[in-house]
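Participant: Per numbering that gives the first Met the number 0, the very first residue in the sequence shown carries number 0; after that it's consecutive.
Even glycine gets a Cβ: it sits at the ideal position worked out from N, Cα and C.
Computed from a predicted structure; not experimentally measured.
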Amino acid sequence: MFMGKLLLFFLPVLFVHSLESGLKGPVHRPASTIVTRAFDPKDWLIDEGTARKMMDHYRNCSGGKCREFKKRVMNDDARAYIEQTYTIVSSEVRMARYDDDDVERYRRARNFDASDPRGDVSGFSTTITLYRVMPKSGSLDAPVRTIYADNYTICPPPDNPPCTP
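#1: Ordered along the chain, which non-local residues of its own chain (more than five positions away) have a Cβ less than 7 Å from that of Arg104?
#2: Which residue comes first and which comes last in the beta strand (DSSP E) that contains Asp72?
#3: Assuming Thr86 contacts Met133 under a Cβ cut-off of 8 Å, what Cβ separation, rounded to an integer in Å, is found between them?
#4: Would you identify the three-state DSSP class for Ala141, choosing helix, strand or coil?
#5: Tell me whether Ala30 is buried or exposed, calling it buried when 16 or more other Cβ atoms sit within 10 Å of its Cβ.
#6: Per the DSSP calculation, Ser121 is bridged to which residue(s)?
#7: DSSP puts Arg78 in a beta bridge; with which residues?
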């Protein structure tokens with residue numbers, strides 16, 4: 000009997016508390032984690048022809064512009080986009096190399112302006128990711144397709160000052 004009265008007393012208190020806690024508004028992130036530019040998947044996902052050309056350029060580098068990266072940073076937005084859009088069956092990292100044709104796309108994706116030396120990637124090696132994916136349709140017999148992502152930011156460039164992607 001006492002427990003029933005105690006429960007009747009605390010139920011309204013819990014109800015009011017839950018309403019108040021839901022009215023606090025949005026959670027604010029520190030300015031350092033707020034993205035200033037919207038993520039655009041077409042800047043990070045590359046077609047098979049571009050991927051093959053980049054992988055071939057890694058194996059058959061010529062012209063004296065063949066430099067290795069020292070560190071790489073994966074773009075989490077690219078991976079999150081792929082995970083939201085598809086079911087990832089498998090993924091493999093492949094060695095590749097940028098050439099002059101890749102510079103504009105690389106700069107645009109990473110929001111580097113034309114004068115920023117971090118965008119001077121022609122001749123640098125990198126890694127691209129080959130994803131085998133299925134649409135998130137829920138069907139078990141959905142076709143598996145291949146997606147390539149240029150989802151790493153490399154360092155260098157620049158060679159001077161120290162590497163800061």
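Facilitator: Quick answer:
#1: Asp42
#2: Going by the sequence as given, residue 72 is Val instead of Asp. From DSSP, the beta strand (DSSP E) with Val72 extends over Lys70 to Met73.
#3: 5 Å
#4: coil
#5: At Ala30 the pLDDT is 32, less than 50, meaning the model places this residue with poor confidence; the figure from the coordinates comes in the next sentence. When all chains shown are included, Ala30 counts as exposed.
#6: DSSP lists no partner for Ser121.
#7: Bridge partners of Arg78: none, in fact.
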